[in-house]
Every structure is written in C-alpha cells, then in structure tokens.
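Asker: Quick one: the structure is below, questions incoming.
Protein chains: 2
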Amino acid sequence: MTARPSLEKDLAALVGEAGVVARDDFARFEQGIRYGGAGRAAAVVRPASVEQVRAVVRYAYAAGVRLVPQGANTGLVAASTPDESGEQIVLSLERLAGSPVLDPAARTAVVGAGTRLSALNAAAEPHGLSFPIDLGADPTIGGMIATNTGGARLIRYGDVRHNLLGLEAVIADEEASVVGDLRGLRKNNSGLDLKSLLAGSGGALAIVTRACLNLHPLPRQTATALAIPVSHAVLPELVRRLEEQAGEFLTAAEGMSKNALTAALRHAPQLRNPFGGGGPPDYALLVELCSTAGPDSGVDVEQILMGVLGECMEGPDALLSDALVGRGGELWAIRHALPAGVAAEGQVIAFDLAFPRTALPAFRAEMTAELARAWPFLKLCDFGHLGDGGDHFNLVWPKDAPHPYDPAVVLQVRDLVYDRAVHGHGGSFSAEHGLGPYNIDYYRRYAAPADQAAAAGLKRLFDPKGLLGRVAF
Amino acid sequence: MTARPSLEKDLAALVGEAGVVARDDFARFEQGIRYGGAGRAAAVVRPASVEQVRAVVRYAYAAGVRLVPQGANTGLVAASTPDESGEQIVLSLERLAGSPVLDPAARTAVVGAGTRLSALNAAAEPHGLSFPIDLGADPTIGGMIATNTGGARLIRYGDVRHNLLGLEAVIADEEASVVGDLRGLRKNNSGLDLKSLLAGSGGALAIVTRACLNLHPLPRQTATALAIPVSHAVLPELVRRLEEQAGEFLTAAEGMSKNALTAALRHAPQLRNPFGGGGPPDYALLVELCSTAGPDSGVDVEQILMGVLGECMEGPDALLSDALVGRGGELWAIRHALPAGVAAEGQVIAFDLAFPRTALPAFRAEMTAELARAWPFLKLCDFGHLGDGGDHFNLVWPKDAPHPYDPAVVLQVRDLVYDRAVHGHGGSFSAEHGLGPYNIDYYRRYAAPADQAAAAGLKRLFDPKGLLGRVAF
C-alpha cells in the first residue's frame with residue numbers, strides 16, 4: 001500500500017466517525033490479549049452493520065489495502081493482529097453484537113459476529129439452553145467460527161463447525177458479496193456447504209458477520225471426578241471404557257500431568273489440593289458426566305461415574321490406581337489454572353497437538369525420552385483433551401535452567417516435536433488454535449501439496465486480491 | 001464427446017478387463033434402484049484401487065469425457081445415473097470395498113467408498129460400535145458422503161458430515177490429484193476443511209475413494225413409543241419437552257400422518273396395527289430413547305420415556321391425547337413401511353423438505369388448505385423427521401382420481417409446494433436427498449445468486465473441465 005493520508009477520513013465516510021478508532025487507542029487491537037504477538041495497524045475500523053462491512057471491503061478491494069478481521073483478539077496464533085508493516089487495516093467486528101435472537105423450541109440463536117460467548121450463554125440460560133463450547137477465554141462468536149473452536153467438551157458437543165446451522169459472510173470480491181443464510185436448518189443438502197468451509201478459515205476467505213447456532217439443553221446434573229491411571233499407556237482404553245459405559249453422559253476427559261498440576265497448585269494457592277499431602281500423581285484425568293435428566297428420572301450420573309471408575313480399579317488389569325470424587329467447580333478451577341500456572345514456571349514453548357487418540361501414549365513416551373536426551377532442562381507440563389486426542393504438549397524453559405532462553409533452540413524443539421507428532425504419529429500441529437503467523441511455516445511443511453494447492457485455489461476464489469487475514473494459503 | 005469406438009479397450013487398459021462392464025450388464029448402472037430415472041452409459045468402469053480411479057480420471061480429462069461416480073445407486077434425485085446422451089461413463093466405486101479397518105479404542109473405521117453401510121455395521125458390531133446413520137436403503141459409504149445422508153437418527157448422531165473424520169478423494173484436474181487424509185483426527189484446524197466441503201457435493205467436485213468415520217457406542221437399552229399429539233401445532237413444543245427432559249437419550253422423533261400410516265398398514269398386512277380397531281390417529285410420533293448405559297446403571301430409558309410422555313398428557317394444556325408404548329422393532333417396521341405403502345396408493349409426488357423446526361406446523365396447515373382448494377384429489381401422505389425439521393411432504397395422485405396423472409399439473413404442484421416451503425417458511429427443497437437432475441432446476445430458482453456464484457467457482461476449481469457428476473453448479 002502506498003502512503004494514504006486520507007485513510008481515516010475515507011473510512012469515516014463509510015462507517016461514521018464512531019466507527020474509526022483513534023490512533024491513541026490502537027494498542028488493544030494491535031496486540032493479542034493471550035498471545036504476545038503484536039504489529040502495527042494502518043487504521044482500526046469498527047463497522048456497525050453488514051452493509052458497513054461491505055463498504056469497507058469494497059474500499060479495500062478498490063484500493064488494494066489488506067484487512068485483518070478481528071473479534072475479541074483472544075486467539076493464540078497471531079491471526080487477528082496486523083503485521084509489522086503498518087499497512088493493514090484491523091477490521092474489528094465487535095460492534096456487530098446486538099442481542100442474540102433465540103428460538104427456544106428450535107434450539108437456535110442468531111447472533112452477530114461480535115457477540116461474546118458469555119453474552120450468548122447469558123441470553124440462552126433462562127431458556128434452559130447453552131452454546132456449550134467450553135474454553136478458557138471469552139471470544140466472540142465470529143472469532144470462534146473463524147478458528148473453529150473446540151475446547152474441553154468437544155467429546156460430547158463437537159466443535160463450532162458441528163454446531164453452525166448457518167452464517168452470513170462477506171467475501172472479498174469486487175462487490176463484497178454476501179454468502180450464506182441464517183434460516184437455521186438442521187438438515188439441508190440443497191447446495192454446497194459453504195458454512196463448513198468458512199468455519200476454521202481464520203478470516204482468510206471471508207468475514208463472518210452473523211451466524212445461526214445450535215444450542216443444547218443445559219444439563220440438570222453433573223458429576224466430576226479425578227481418575228488416577230496406573231500408567232499413561234492405559235489412557236485410550238480408559239476413555240474407551242468411559243464411552244462404552246457412560247457414552248452419552250461423558251462431557252469431558254481432560255488429562256493433566258504432574259508437572260502441570262504442581263505448577264497450577266503452586267501458582268494459585270487458593271486452589272484446594274485434591275491430592276492431600278502427597279502431591280499430584282504422575283497423571284490425572286478430570287472426568288465429567290452430565291445429564292439433562294433431572295434427579296427424579298432415576299438417572300444418577302454420580303452413581304454411574306462411581307460405577308465405571310470402580311470397575312476400572314478392580315482386578316489385576318486395573319486401569320486406575322485411585323479415583324477421587326470432587327466438587328466440579330473445584331476440579332475445573334484446577335484445570336483452568338493449568339495454563340497460567342505453567343506460564344509462571346518459565347518461558348512456555350506451547351503446543352496444540354492432536355492425535356488419533358490411540359496414538360497419544362506412544363508419542364508422549366517417545367518424545368519425553370528424546371527431549372530428555374537433547375534438552376534435559378526442559379520441563380514437560382502437558383495437559384489435554386484425551387477424549388478427542390488433543391494434547392497441549394507444553395514445554396517450559398525454567399527460570400533456573402542452566403542455559404538462558406534461546407530462540408534458536410526453541411525453533412529446534414518446535415521442529416522436532418512437530419515432526420514427531422505429524423510424521424511419526426499421524427498427528428496435527430494445530431488442533432484447535434487454527435493457523436496464523438505463529439505456525440504457518442508448519443502448514444507449508446506438513447500439509448500435503450495437493451491439499452495446499454486446493455486451499456490456494458479456494459483463497460483465490462473467495463479473496464482474489466489476497467486482502468483478507470494473516471494466512472495466505 | 002465424439003464417437004469413441006476404442007473406449008472400452010482404452011478403459012480395459014487402465015483397469016483390466018474385469019473392471020469394464022459388458023454392455024449386456026449395463027442395466028443396473030443406468031437405472032436408479034429407488035428412483036425411476038434412467039439414462040444410457042457410454043461405458044461402465046469399475047476401478048479396483050485409488051490409482052485406477054486416478055487413471056480413469058486422467059483419461060477422462062485428456063479425452064474430455066464425462067464421468068458419473070456411482071455407489072449403490074440408491075439415491076433419489078438421479079445424481080448417480082448417466083443422462084440420455086449415451087456419452088457419459090459410469091464410474092462405479094463398488095469394488096473399492098475391502099474390509100473396514102477398525103480402531104475400536106479410537107472409535108474409528110477406515111473404509112473404501114464402495115463399502116456398504118450394512119457391511120461396516122457388521123464389522124463394527126462385535127466391538128460394540130456402529131455407524132448410526134439410519135435410513136431405508138443400504139447405500140455405499142462413498143454415496144452417503146456424496147449425499148451427506150441424514151436419516152432418522154440425525155437428532156442424536158448428526159449427518160454424515162458430522163461423522164466424517166477424514167477422506168481421500170480424487171479431483172478432476174490434469175493429474176487427478178488426491179486430496180484429504182485418513183488419520184482420523186477428531187480435532188484438527190491445521191488447514192481448510194476440504195472434507196466437509198466435499199461431503200454433500202454429489203460427486204460433482206471429487207470422487208471419494210476412502211473415508212475415516214466416527215463410530216458410536218451401541219446402545220444397550222432402547223425404549224420406543226407412539227405419541228399421539230392433540231394437534232399438529234403442538235409438535236415443536238413436544239420435541240422441545242422431549243429434548244429438555246430426555247436430551248441425550250432422544251434418538252428419533254418421527255412424525256407420521258394418518259394417510260401415510262393407513263397406506264402402510266393396508267399395503268403391508270403383516271404389520272401389527274398398534275392403534276387397535278379405530279385406525280390411525282390424525283398424526284403420530286414415533287419416539288425413541290436409547291442409552292449406552294446398561295440396565296444395572298440405574299438408567300431406565302423406558303421409565304424416562306413414560307415419565308416425559310405422561311407429563312405431556314397431563315393438565316389442560318396437554319400436548320398428547322395418548323401414548324402407546326410399543327416394541328421398537330414393530331414400530332420401526334411401520335415407519336419403514338411408509339414409503340412403499342404410500343407408493344402403492346398411486347403416483348407419488350415426492351418431497352424432501354426441511355424447515356426451521358418451529359415453522360413446520362404453519363407450513364403444513366397453509367399448504368394443506370391451498371392444495372385442497374387447487375387439487376382436492378391429491379392426498380397428503382406426509383411423514384418426516386420432526387427433531388431436525390425434516391418433512392417428506394409426499395402427495396399421492398390416487399389411482400381412482402377424477403383426472404388422469406398429468407405431468408404438467410405435477411410440475412405446478414412442485415412449484416407451488418417448493419415456493420411456499422422456501423420463500424414462505426424458510427425451508428429447504430432438499431433436506432437429505434441432495435441435488436441431481438430431479439431437483440436441480442429448483443437450485444437455480446432458490447439458491448442465492450452469490451451462493452450459486454461461489455459454488456460455480458468451487459466447481460471450476462475442483463473440476464475445471466466440468467467432467468464430474470450430474471450437477472453443474
């Protein structure tokens with residue numbers, strides 16, 4: 001882009017003065033909230049309607065200016081912040097956030113892209129409904145669609161794509177065409193499924209402006225426990241047994257390593273230590289069962305959970321050495337404290353891996369041994385979503401390590417872990433965080449050439465001038 | 001295509017003599033098994049490997065010959081049979097049907113496109129698993145992916161796209177490139193989601209050769225009942241209550257009209273009439289609850305079902321006038337006998353509609369009145385999947401009608417019903433049967449221009465010469 005002194009004036013003519021952010025207030029749009037990456041914006045524009053989004057896209061198309069769509073900016077791969085050039089416009093969708101339009105009997109909600117997950121759930125709760133994608137941050141719905149957020153309860157509810165009944169999105173052609181619909185059909189095969197393609201495309205194919213989402217009945221009972229496996233190797237069989245005997249009730253099976261638990265309990269002393277004096281075990285699984293059935297239905301998920309875990313502790317082939325029933329809130333507080341706890345131990349080399357879930361133990365065993373040989377000072381503080389094969393295989397470079405933090409070594413570590421995960425164990429290098437500048441090099445390395453070629457074609461189709469987002473495809 | 005006397009010889013060179021069907025045996029490939037449409041094939045080729053599929057596609061690309069991918073040929077919109085020109089090659093995938101490769105602890109199966117649904121379920125059953133897409137036919141997995149089959153238990157398990165963990169597909173570029181993967185990841189956002197786009201594309205974007213599918217634990221208990229609503233208007237509220245109180249157990253809520261039930265019971269006298277002497281009520285709902293929990297878990301789905309239905313019969317605002325517990329097999333036999341029963345009454349004008357499910361009663365009331373005015377001799381024999389808004393709004397032109405069957409009137413009826421469904425009530429003209437010659441004109445009429453333009457671009461991207469399938473997009 002050439003210097004464009006009139007940029008802010010041009011944008012104000014399209015979206016009004018209130019829609020153009022003053023330069024002094026750029027910081028929160030230029031810097032990710034949870035990911036450290038930051039860049040410099042040419043402008044920050046906040047359209048208040050789909051038509052205003054279209055006007056901005058038409059302007060960008062004509063001028064050849066690049067746009068970075070942004071929701072709550074809580075992503076972890078730097079996909080929603082501008083680059084260093086100072087030539088990209090941040091297109092914040094936060095003003096597309098009117099009240100969700102609910103149809104309780106249809107279990108649907110039509111929401112603006114800028115609506116926060118918490119706001120949607122606050123609107124749904126009085127109707128006994130929720131949008132049960134569970135994660136640590138409070139993103140916007142548009143951002144969740146762009147990232148295809150998964151979270152801790154995917155095993156029961158699926159990811160965002162599974163719960164997307166419709167969307168409205170602006171593509172970056174000359175007319176800034178609007179694609180999609182908001183009818184909320186649960187069964188529809190009257191054309192190609194554009195919505196599923198746009199979900200997870202990271203703002204690089206289109207700008208989501210509204211969506212129709214599938215809500216779920218709120219559970220009326222929940223049971224939570226910490227299961228202590230006899231070894232990491234038995235985890236796939238443990239998950240299989242949980243599914244076999246409590247299939248429709250199982251909402252979470254979150255793995256937590258000793259190092260991650262120790263870090264969380266140290267960093268957040270208000271947490272109750274559920275393990276007593278002995279400290280955390282080598283590995284623990286947070287298991288949650290829920291039911292929409294009330295207590296008078298005969299369904300008792302706590303009894304079911306105790307039954308399954310009890311069976312898993314019996315006999316010579318026991319899968320569990322122990323199981324601790326706990327208050328759900330307390331156990332989830334520990335789970336949610338893991339990332340901050342781990343971060344407090346040193347510098348985190350973060351991973352968001354996923355595997356065919358039977359492959360997880362072999363990867364972990366092999367990788368642990370290999371890392372111990374090459375960089376014995378690195379501390380594995382992993383945790384993850386075992387039910388869906390997700391593994392935040394986070395490594396900490398401790399504050400008291402014998403070597404100072406070295407980005408060149410970090411790069412070697414990342415290369416090694418990703419290589420083993422993808423090539424050695426059929427894994428994914430980005431399970432739920434999507435693609436952005438943080439990991440795009442690995443897309444180039446691992447995605448099959450034919451898949452990359454198809455993706456490049458899709459990018460040209462929806463965004464012929466390459467104006468949208470941070471991922472070129 | 002110009003006359004090509006060497007066609008069969010050329011194909012035999014690519015796939016062997018056994019892969020080329022003799023002209024005398026064309027009939028079953030040229031004529032749909034359940035849909036009456038038929039055409040004429042230039043050749044029928046049955047490759048036995050992905051590489052043979054690629055060879056055929058490369059040949060077709062070079063020669064400019066069109067290919068119609070075909071599974072079990074059980075589709076209902078003529079998408080898998082050749083046109084009348086005699087110039088299209090039927091590409092049957094039925095030989096890509098080796099044994100499914102199961103990973104029970106991962107709950108996944110890798111299957112060839114030609115594998116029958118029944119064969120997959122036979123392989124999964126000993127492991128306590130199933131692929132629970134339930135429908136009247138026995139299609140191939142490839143055909144189910146191409147159609148994105150929904151079926152009667154979508155409300156619990158989702159459609160094929162929801163259960164597709166990976167695929168391998170050949171696109172119609174010069175190299176016959178292979179896209180996709182079969183790793184079976186449940187959480188993966190490391191690129192654009194090609195598989196979800198190809199699902200439901202009706203063989204017009206790519207030829208699916210293998211897939212990795214999400215299996216589900218088999219239920220260990222089931223309860224089934226016929227619920228008799230006080231009116232059609234209460235159906236959305238009834239489904240809402242079922243979901244609220246038996247959310248995770250609800251596997252089916254199938255609506256059946258009096259005319260459809262009467263036809264089925266008349267046509268299949270071996271069926272037990274569950275309604276006693278009085279004959280079927282105006283409308284009935286087949287409700288099924290299932291649980292993976294065994295009987296010793298405390299969960300009793302029959303008790304839960306009775307509880308919910310009992311509540312729905314109480315008080316001045318009762319939703320149900322009656323509820324009949326039944327043997328599941330007997331009730332499903334009636335449900336599955338509806339299409340043949342209706343067909344025996346005369347000529348069927350078949351519809352596969354879907355609505356936002358709260359819109360169904362208004363559509364039905366309005367449409368019934370309008371049809372009665374214009375064509376009082378047409379008999380509505382509708383049934384459908386109320387949980388997901390699906391409605392097979394089938395009309396019968398009775399054998400004893402005052403006017404002989406008239407295709408011009410049928411066209412008027414179809415136009416009217418589709419217009420009211422799509423424009424009047426936010427519905428879909430093809431809920432689960434997909435797109436083919438039978439309904440493609442309505443795609444042109446109803447799909448938004450921007451969506452059609454995007455679909456046309458996708459078609460050009462994956463199939464630049466327009467060689468694949470029966471839908472041009």
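Listed in order, the protein sequences are those of chains W and Z.
Heads up, the first sequence is in UniProt numbering, so the first residue is 1 and it goes up one at a time.
Heads up, the second sequence is in UniProt numbering, so the first residue is 1 and it goes up one at a time.
Don't be surprised by glycine CBs; every beta carbon is placed ideally from N, CA and C.
Any Cβ of chain Z within less than 8 Å of the Cβ of Tyr443 of chain W?
Answerer: yes
Asker: Can the beta-carbon of Arg34 of chain Z be found less than 8 Å from the beta-carbon of Leu76 of chain Z?
Answerer: It is a contact, given that the beta carbons lie within the stated cut-off.
Asker: Quick check on the DSSP output: what are the complete beta strand (DSSP E) runs of length 3 or more inside the region 348-411 of chain W, in order along the chain?
Answerer: Scanning the region 348-411 of chain W for uninterrupted beta strand (DSSP E) segments of 3 residues or longer gives 383-385, 395-398, listed from N- to C-terminal end.
Asker: Can Thr251 of chain W and Gln245 of chain Z be called in contact, C-beta distance under 8 Å?
Answerer: no
Asker: Report the neighbours of His385 of chain Z on chain W: residues whose CB is nearer than 8 Å to its CB, in chain order.
Answerer: Lys187
Asker: Per DSSP, what kind of secondary structure is Thr2 of chain W in: helix, strand or coil?
Answerer: Bear in mind that the predicted position of Thr2 of chain W carries a pLDDT of just 47, short of 50, making it unreliable; the figure below should be weighed with that in mind. Looking at Thr2 of chain W - three-state DSSP - the assignment turns out to be coil, as it is neither helix nor strand.
Asker: With which residues is Ile228 of chain W paired in a DSSP beta bridge?
Answerer: W:Asp322
Asker: Measure the CB-CB distance between Arg210 of chain Z and Leu182 of chain Z and report whether it falls below 8 Å.
Answerer: yes
Asker: Is Ala12 of chain W helix, strand or coil when you go by DSSP?
Answerer: helix
Asker: From Asp463 of chain W to Ala448 of chain W, what does the alpha carbon distance come to, in whole angstroms?
Answerer: 22 Å
Asker: Tell me the residue span of the beta strand (DSSP E) that contains Glu311 of chain W.
Answerer: Careful: Glu311 of chain W lies outside any beta strand (DSSP E), inside the alpha helix (DSSP H) at 301-312.
Asker: Give a yes or no on whether 8 Å exceeds the smallest Cβ distance from Glu288 of chain W to chain Z.
Answerer: no
Asker: Any beta-carbon of chain W closer than 8 Å to the one on Ile304 of chain Z?
Answerer: yes
Asker: When the cut-off is 8 Å and only beta carbons count, does Arg95 of chain W lie next to chain Z?
Answerer: no
Asker: Would Arg266 of chain W be called buried (16 or more neighbouring beta carbons within 10 Å of its own) or exposed?
Answerer: exposed
Asker: Residues of chain Z with CB under 9 Å from residue 562 of chain W, in chain order?
Answerer: Because chain W in this structure spans residues 1 to 473, residue 562 of chain W falls outside the shown range and cannot be described.
Asker: Cβ of Asn148 of chain W less than 8 Å from any chain B Cβ?
Answerer: Among the protein chains of the structure shown, namely W and Z, there is no chain B.
Asker: Does any residue of chain W have a CB that is nearer than 8 Å to the CB of Asp419 of chain Z?
Answerer: No, no contact with chain W.
Asker: With a threshold of 8 Å between beta-carbons, can His336 of chain W be considered close to chain Z, or not?
Answerer: no
Asker: Mind listing the chain W neighbours of Pro104 of chain Z? Cutoff is C-beta to C-beta under 8 Å, in chain order.
Answerer: Arg240
Asker: Please confirm whether Arg95 of chain W and Arg46 of chain W have their CB atoms less than 8 Å apart.
Answerer: Against a cut-off of 8 Å, the Cβ pair of Arg46 of chain W and Arg95 of chain W comes out as a contact.
Asker: What are the boundary residues of the alpha helix (DSSP H) that includes Val50 of chain Z?
Answerer: Val50 of chain Z -> alpha helix (DSSP H) spans 50-63.
Asker: Any contact of the region 255-271 of chain Z with the region 324-340 of chain Z, i.e. 3+ C-beta pairs under 8 Å?
Answerer: yes
Asker: Taking the beta carbon of Gly247 of chain W as the centre, do at least 16 other beta carbons fall within 10 Å, making it buried, or is it exposed?
Answerer: Its Cβ being crowded by 16 or more others within 10 Å, Gly247 of chain W is buried.
Asker: For Arg161 of chain W, decide whether its Cβ has a neighbour in chain Z, counting only Cβ atoms nearer than 8 Å.
Answerer: yes
Asker: Is there contact here, the region 159-179 of chain W with the region 401-413 of chain Z, by at least three beta-carbon pairs under 8 Å?
Answerer: no
Asker: My understanding is that Ala113 of chain Z touches Val208 of chain Z, with C-beta atoms under 8 Å, so please give their C-beta distance in whole angstroms.
Answerer: 5 Å
Asker: Are there 16 or more other CB atoms within 10 angstroms of the CB of Pro126 of chain W, so buried, or fewer, so exposed?
Answerer: exposed
Asker: Go through its chain and collect everything with a Cβ distance to Gln221 of chain Z's Cβ below 8 Å, but skip five positions before and after it.
Answerer: Cys290, Ser291, Ala293, Gly294, Pro295, Val299, Asp300, Val301, Glu302
Asker: Beta carbon of Arg460 of chain W, beta carbon of Gly436 of chain W: below 8 Å?
Answerer: no
Asker: Quick one: list the residues of chain W neighbouring Arg183 of chain Z, beta-carbon separation under 7 Å, in chain order.
Answerer: Pro356, Gly426
Asker: In the structure shown, what three-state DSSP assignment does Tyr438 of chain W receive?
Answerer: coil
Asker: Against chain Z, with Cβ distances strictly below 8 Å, would Thr209 of chain W count as a contact?
Answerer: no
Asker: So which of Z:His425, Z:Ala13, Z:Asn163, Z:Ala48 has the shortest CA-CA distance to Ser92 of chain Z?
Answerer: Z:Ala48
Asker: Quick one: residues in its chain with C-beta nearer than 6 Å to the C-beta of Gly98 of chain Z, no 5 flanking neighbours on either side, listed in chain order?
Answerer: Gly112
Asker: Run the CB neighbour count on Ala22 of chain Z, radius 10 Å, all protein chains shown included, and call it buried at 16 or more, exposed below.
Answerer: exposed
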